[in-house]
Amino acid sequence: MADFDWLFFIEVLVGGLLSGVMYSLVAIGFVLIYKTSGVLNFAQGAMLLFAALTFVSLTERGISFPLAFIITFGVMVFLGVAIERTVLRPLTNKPPITLFMATLGLSYVIEGAAQLLWGTQIHGLDLGIEDLPFDVGGVYISQFDIFAAVVAAGMVALLSLFFRYTRIGLGFRAVADDQFAAIAVGLRLPWIWATVWAAAGVVALVAGLLWSARVGVQFSLSLIVLKALPVLVLGGFDSILGAIVGGLLIGASEKLAEVYIGEYFGGGIEGWFAYVIALAFLLVRPSGLFGQKLVERV
Amino acid sequence: MTILSTFKAAALAAGIAFTIALPAAHADEQYFPLQSYRVGPYAAGGTGFFGGFIDYLNLINTRDGGVNGVKLTWSEAETQYEVERGVEAYERLKSNPNVAAWNPLSVGIAYAMIDRITADTVPLITINHGRTDSSDGRVFPYVFPLLLNPYSETSGIVNYIASKEGGLESLKGKKIAVLYHGSPYGKETIPIYELLAQKYGFELQQIEVPHPGNEQQSQWLAIRRAKPDYVVLRGWGVMNPVALKTAAKTGFPVDHIIGNVWSNSEEDAIPAGEAAKGYTAITTQASGAEYPVVQEIVKTIYDAGKGNLEDKKRIGSVYHNLGIVNGILNVEAIRIAQAKFGKRTLTGDEVRWGFEHLQLDPARVEALGAKGLFHSINVTWDNHEGNGYVTFQQWDGAKWNVVSDWIAPDWALLRPIIEKSSKAYAAEKGIKLRTAEDAETATN
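Chains S and H supply the protein sequences, listed in that same order.
Be aware that the first sequence starts at 1, since it is given in full-length UniProt numbering, and climbs by one per residue.
Be aware that the second sequence starts at 1, since it is given in full-length UniProt numbering, and climbs by one per residue.
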């Protein structure tokens, strides 16, 4: 172990943890919807693409950054509500697989609509945060990654406050705990669902902007969902804390695996290594680290 | 967006094939079936390339009345760059009469078409890409990886790095890392880099990036630890800007990253923003709108409102100019074949003959208004690549600037390797090697 480069190990670990935060940002959008409606929203990646493309297209048309953000915020809220009204509400009480297939179809519709409205050209997005490293005791850390981590922490804090202290947030928690009980005490389930979809749209906007600043605003943004899936399996589909912890674990382990054992498998293993971890977790803990254990009486 | 373009995009988004110009219905027409991709993840490249190709065909029709009076026609089928859609489009479009050549601009679709086009005796053009060993016309009579195959690209890049270091001898002891896309396309050059490393004595590290390449932290940390002198970026799509961004993030100098031919477009550099400034990439055709042929397209086609690109700012971009050069090569092959077979509609096999005699020296390239746009081409019956020259462009934050002379890959070194591979393919498929005599005859 004397020859082991600990500094490099720490750099890989920190880089992985910060990458994991980016995955968590996407995963949170999934969690919000799954928690209240039990739907795995496969369209979250497409929503992310739609948000980023709308935002950058507005700024390129001369609209100021804050105004473009507000308009896109409004668009994403509208999109979330529209999805609930036109797709989910008519499918209430249908089997989960039907709802999943609906979101799968929805992702294609949103991707097509995004390109239809804003074109197919690739755009750059500069949030004004430099993606350059700074040296912390010989370890390079990206300023942008730190910024993304702060944004993620802020978003989790805001969501926590929202769900703990607002009426609609409490309603959300009630629905998440027991839908039938929530209806029985007079909560309006469609209204809560619409709010949650709108919130997922806003999460998609924040995640979309951060991912776009890193990879550009382009079609492949919608593939980011593939990064979030193992995070959800690991952390649990219905836990925001799980999405954060899952993201950190997946990010760190896939980077360490790529660097330290990748060469024994020909390299390029991080794409599937995250799924190996997710599968292993499924076998021993199907509900994930923080997910609710589902007990059904038959 | 105009209402018209919105409707057009709507049709595309729905995956509906649409027709820009109706397929040939008359004997004096030559038809190009276009398996284009204008929606989906690779739409930016598809709209640029097919836009440039169509613009050039349009120029020939408008300015010259076609090729010696033979009008050029085309129709498009949307593939979204997906192989199964590309094959379906092939089966659908091939029934149109007077097919000149296929130009799918997709490695996967091209691979899937080789047996089909060989049976149908119609040329398949894979400009700058495709199977390396399809350069051997003895085994692949109808496949033309014009200008550049992956091995020539590799040799061109190594020669360029050598020129920066003071010659091929100076490569000894240098370290080069190749960051490649985790796909058959990305892996195609692994053996040739190994061969060149052995020949010139440089240390080589080849690192795979899993598809699609939107996360490269660990790869670039490995690069930082290895401290190579150069990194060759053999990327595709989102992998390219992410590589440039991550390189900046890990402190690797961007002016020591050399992009391959599918990492060389505006779409690869723009999303990376400041991180792309100083990035250099190989190309067979320079970008820019100052070339006479591009100017003619602007004057004759765009000023008349008939241009194919929605955004005029993309005129002269890398993919648009590649489409124009592809148009020149297709049209000249037809012109050359007409000189032998007559000024009429040709069969696919006759067009194949034209491609096998596609010899455009710098003087002819200048006469075509393309001096500086591309160097020359010299296709023969057994060399279907045609010894294309390469040049290198550097991104200044807004556009590409040429920073090298035209450089010749080491074709003599590469040819035996290509022949070894093509002969193995021939043996596997039971193909008898063609002779020069076989190539001279064409069915009509």
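All C-beta atoms in this analysis are idealised placements derived from N, C-alpha and C, irrespective of residue type, glycine included.
Since this is a predicted model, take the numbers as computed values, not measurements.
Does any C-beta atom of chain S lie closer than 8 Å to the C-beta of residue i?
i	result
A77 (chain H)	no
H129 (chain H)	no
residue 445 (chain H)	Because chain H in this structure spans residues 1 to 444, residue 445 (chain H) falls outside the shown range and cannot be described.
P212 (chain H)	yes
E188 (chain H)	no
D311 (chain H)	yes
P271 (chain H)	yes
S218 (chain H)	yes
E267 (chain H)	yes
R234 (chain H)	no
Is residue i close to chain H, meaning its C-beta is less than 8 Å from at least one C-beta of that chain?
i	result
K255 (chain S)	yes
S142 (chain S)	yes
E60 (chain S)	no
E84 (chain S)	no
V259 (chain S)	yes
S220 (chain S)	yes
Q44 (chain S)	no
D126 (chain S)	yes
V215 (chain S)	yes
G268 (chain S)	yes
I224 (chain S)	yes
S19 (chain S)	yes
P133 (chain S)	yes
F8 (chain S)	yes
V75 (chain S)	no
V12 (chain S)	yes
G154 (chain S)	no
Is residue j closer than 8 Å to residue i when the C-beta atoms are compared?
i	j	result
M76 (chain S)	V202 (chain S)	yes
Y200 (chain H)	L168 (chain H)	yes
W191 (chain S)	T36 (chain S)	no
Q205 (chain H)	Y279 (chain H)	no
V107 (chain H)	Y185 (chain H)	yes
A100 (chain H)	N330 (chain H)	yes
A198 (chain S)	L25 (chain S)	no
I336 (chain H)	G354 (chain H)	yes
G45 (chain H)	Y319 (chain H)	yes
T126 (chain H)	F144 (chain H)	yes
Nearest CA to the CA of residue i: which residue from the options?
i	options	result
W74 (chain H)	H:D55, H:R63, H:Y81 and H:L147	H:D55
I270 (chain H)	S:Y34, S:Y275, S:T92 and S:G124	S:G124
H181 (chain H)	H:N240, H:P123 and H:E153	H:N240
A281 (chain H)	H:Q217, H:D255, H:A398 and H:A272	H:D255
S212 (chain S)	S:Y108, S:I129 and S:G38	S:I129
D145 (chain S)	S:K293, S:G251 and S:E60	S:G251
Q292 (chain S)	S:V31, S:I122 and S:Q44	S:V31
Q359 (chain H)	H:F341, H:N387 and H:K371	H:N387
K245 (chain H)	H:R234, H:K227, H:R131 and H:Q217	H:Q217
G51 (chain H)	H:V231, H:P97, H:V294 and H:G130	H:V294
Q30 (chain H)	H:D133, H:V122, H:Q198 and H:A43	H:V122
G369 (chain H)	H:Y291, H:S404 and H:A439	H:Y291
E82 (chain H)	H:L57, H:I109 and H:I60	H:I109
L234 (chain S)	S:F9, S:A27, S:F8 and S:V12	S:A27
Buried or exposed: where does residue i fall if 16 or more other Cβ atoms within 10 Å of its Cβ makes it buried?
i	result
R138 (chain H)	buried
S95 (chain H)	exposed
A412 (chain H)	exposed
V14 (chain S)	buried
L171 (chain H)	buried
I297 (chain H)	buried
I261 (chain S)	exposed
G208 (chain S)	buried
W6 (chain S)	exposed
N444 (chain H)	exposed
A398 (chain H)	exposed
residue 502 (chain H)	The structure shown has nothing for residue 502 (chain H), since chain H only spans 1 to 444.
F281 (chain S)	buried
Could you check whether the Cβ of residue i sits closer than 8 Å to any Cβ belonging to chain A?
i	result
Q121 (chain S)	No chain A is present in this structure, whose protein chains are S and H.
The region 82-90 of chain H in contact with the region 364-371 of chain H per 3-pair CB rule at 8 Å: no
Check whether the region 309-320 of chain H touches the region 340-359 of chain H, counting contact only when three or more Cβ pairs, one atom from each stretch, lie closer than 8 Å. no
Touch test, the region 45-62 of chain S against the region 215-225 of chain S, Cβ-Cβ under 8 Å, three pairs minimum: yes
With three or more beta-carbon pairs closer than 8 Å as the criterion, would you say the region 228-243 of chain S touches the region 101-112 of chain S? no
Flag this pair as touching only if the region 283-292 of chain S and the region 240-256 of chain S have three or more C-beta atom pairs under 8 Å; answer yes or no. yes
Taking 8 Å as the cut-off, does the region 112-123 of chain H touch the region 186-194 of chain H (at least 3 CB pairs, one atom from each stretch)? no
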